[in-house]
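**Q** Following the working numbering, the numbering of the sequence shown begins with -5 at its first residue and continues without gaps. For glycine and all other residues, C-beta sits at the position ideal for the given N, C-alpha and C.
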Amino acid sequence: MTPPSSVGSQSTGFRERLLRGERLVGTFLKTPTLHAAEILGGVGLDFVVVDEEHSPFDRQATDAALFAARATGMAGLVRVPSAAPYHLLSVLDCGATGVLVPHVASAAMARQAAAACRYRGGRRGWSGSVRAHGYGGGKMWEAIDRADTTTTVIAQIEDAEALDEIDAIAATEGIDALFIGRGDLTASMGAPTNDAPAIRDAVDRIAEAAHRAGKPVAVFVSGMKEAEWLAGIGATAFVYSSDQGFMKQAAARALSDLRALGVPQAATA
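#1: What would DSSP say about D45, mapped onto helix, strand or coil?
#2: Excluding the 5 residues flanking H127 on each side, which residues of the same chain have their C-beta closer than 8 Å to its C-beta?
#3: Please classify L82: does DSSP put it in a helix, a strand, or coil?
#4: Between the stretch 212 to 222 and the stretch 26 to 36, do three or more beta carbon pairs fall short of 8 Å?
#5: Could you work out which residue in E47, A77 and T25 is closest to A55 when comparing CA atoms only?
#6: Mapping DSSP to helix, strand and coil, what is I193?
#7: Is it true that the stretch 73 to 82 meets the stretch 101 to 119, where meeting means three or more beta-carbon pairs spaced less than 8 Å apart?
#8: Take G116 as the anchor and find which of A246, S123, R105 and R125 has the nearest alpha-carbon.
#9: If the criterion is Cβ atoms closer than 9 Å, does the pair A149 and L179 meet it?
#10: Quick check on DSSP: helix, strand or coil for L71?
#11: Tell whether a beta-carbon distance below 9 Å holds between L12 and A231.
#12: Where in the stretch 117 to 187 do unbroken runs of the alpha helix (DSSP H), each at least 4 residues long, occur, reported from the N-terminal end onward?
#13: Do you know offhand how far D198's Cα is from V215's?
#14: Let me know the secondary structure DSSP gives S100 once reduced to three states.
#15: Check G92 in the structure and name its three-state DSSP category.
#16: Buried or exposed: G2, going by 16 or more other Cβ atoms within 10 Å of its Cβ?
#17: Taking DSSP as the reference, what is the three-state secondary structure of F61?
#18: Find the nearest neighbour of G217 within the set V233, E16 and L39, judged by alpha-carbon distance.
#19: Rounded to a whole number of angstroms, what is the C-alpha to C-alpha distance between A154 and V213?
#20: Report the rounded CA-to-CA distance for T146 versus K242, giving the unit in angstroms.
#21: Below 8 Å on the Cβ atoms is my guess for D161 versus R194; work out the distance and round it to an integer in Å.
#22: Less than 6 Å between C-beta atoms, sequence neighbours within five positions excluded: which residues of the same chain meet that for T(-4)?
#23: What are the boundary residues of the alpha helix (DSSP H) that includes V37?
#24: Excluding five sequence neighbours on each side, which residues of the same chain lie with their C-beta closer than 6 Å to the C-beta of V156?
#25: On the DSSP bridge list, what partners appear for L18?
#26: Helix, strand or coil for V240 per DSSP?
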């Protein structure tokens, strides 16, 4: 049996590359189908984030999307609905490379999420029969060490109260990176836009805390202008748009291009 560690070098090496500060590019997966993950993996993206929080993914759909990501060698992360241990365990057993944990607003929540994703020193439940561990037949402690080494845990900072504990959150052992959630931060802080001065200040504070703790910063961007700004504050992992965003953008461009051809000759005769 091929051990999980040898399946897809981009997938299994994702945490190491993230911690090294490599420029990583991925996107959100909003459509519950394995085909979108397969197509995006074929393009050469470093990772995809299956969005269970804001999209209609159930466990079966998540399982299929993660299968497709692994088949293309692309890292498959999941933004879980909450930091509840059963949400984290479910996707990790399905073979997720890691998790994006929403609304990590305190150091206590960061510790809970980190513990739920690790075996040694943590509380992750064990089953050797799942995809994450090659469907059985391997050695338990080898599988545990492999999982603890490769599983990526990213805390999403998107609440005003998280700023009060941002250094403690960033320093939490087992939290590999901070994801700056500007959308919810904007709503939480009552800012007019997601690049208003108050949000820019919050972004700077989060990035500085991450840097002090030696942790990478991940961000969502909808275009290159945002990417340039956030690269400037030290972000290295970029979630660019989504499968829906790419489809809508490409369809709108095609429609505009074809309508610009002008009135068909037959219609003017």
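**A** According to the structure data:
#1: strand
#2: P(-2), S121, A137 and A141
#3: helix
#4: no
#5: T25
#6: helix
#7: yes
#8: R105
#9: no
#10: strand
#11: yes
#12: 134 to 144, 160 to 164 and 176 to 183
#13: 16 Å
#14: coil
#15: strand
#16: At G2 the pLDDT is 44, less than 50, meaning the model places this residue with poor confidence; the figure from the coordinates comes in the next sentence. When all chains shown are included, G2 counts as buried.
#17: helix
#18: V233
#19: 17 Å
#20: 30 Å
#21: The Cβ separation is near 19 Å, so there is no contact.
#22: Because the pLDDT of T(-4) is 40, which lies under 50, any placement of that residue in the model is unreliable, and the number read from its coordinates should be weighed accordingly. Contacts found: none.
#23: L28 to V37
#24: In the sequence as presented, Val is not what sits at residue 156; that position holds Ala. Cβ within range, chain order: A99.
#25: A231
#26: Sequence check: residue 240 is Phe here, not Val. In this structure, F240 counts as helix in the three-state DSSP scheme.
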